[in-house]
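Undergrad:
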Amino acid sequence: MKTTAIISRLMETAIAAQKHAYCPYSRYRVGAAVLTESGRIFAGANVENASYGLSICAERVAIFNAAARNERTLKAVCIVASAAKPCGACRQVMMEFATKDTVLYLIDLNNATGRRRVTKTTVFKMLPAAFDPIASGLLPPNPRNLLRAK
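So the number in the numbering used here is just where the residue sits in the sequence shown, counting from 1, plus 19.
1) Entirely within the segment 69-110 and at least 4 residues each: give me those alpha helix (DSSP H) ranges in chain order.
2) Restricting to runs no shorter than 3 residues, where is the beta strand (DSSP E) found entirely within the segment 117-164?
3) Under 8 Å, with one C-beta from each stretch per pair, do the segment 63-78 and the segment 125-140 reach the 3-pair mark?
4) What separation, rounded to the nearest whole angstrom, lies between the Cα atoms of F143 and C97?
5) When the Cα of C106 is compared with those of N65, K139 and R59, which residue comes out closest?
6) State yes or no: is the C-beta of D120 within less than 8 Å of the C-beta of T92?
7) Can you tell me which of the three DSSP states A187 falls into?
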């Protein structure tokens, strides 16, 4: 499958996931999808809770879905929402499973008009000076994570 077709599938998966968000408190629907090194795509939607601290963002749902299936290296992440931007916690979780080249697509979706604005960046650029598990001594050099040699 061509790269453009894979990215289109990633984006459409995130858009579809947004429809499954459980957000009765904020009414802020977010969908996410991650593309792993093996080529598999995993989706996630935000899930809120009356005890707000127990809520979870769509990005982490998608990443944890991948990690639970032993997919631990992200090639791309796609987030869909109105003014789509990952929170700080999601940025740090993305860094745990990203390489320095992991692409991040932010899709600002206007549900009223159906218009999409796509911003392409990298996970690494979204969290400069991220907590580094290698520098902290928590992981040995060259693990399969953000600092993995290409």
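All residues carry an ideal CB built from backbone N, CA and C; glycine is no exception.
Bear in mind the structure is a predicted one, so any value in this text is a computation, not a measurement.
TA: So, to answer that:
1) 77-87
2) 117-129 and 134-141
3) The segment 63-78 makes no contact with the segment 125-140, as fewer than three CB pairs between them are under 8 Å.
4) As a position in the sequence shown, residue 143 is number 124, starting the count at 1. As a position in the sequence shown, residue 97 is number 78, starting the count at 1. Between F143 and C97, the C-alpha separation is close to 14 Å.
5) The sequence position of residue 106 within the sequence shown is 87, counting from 1. Ranking the options by Cα distance to C106, first place goes to N65.
6) Taking the sequence shown and counting its residues from 1, the one referred to as residue 120 is at position 101. Taking the sequence shown and counting its residues from 1, the one referred to as residue 92 is at position 73. Contact flag unset, no.
7) No answer is possible for residue 187: the residues shown for the chain start at 20 and end at 169.
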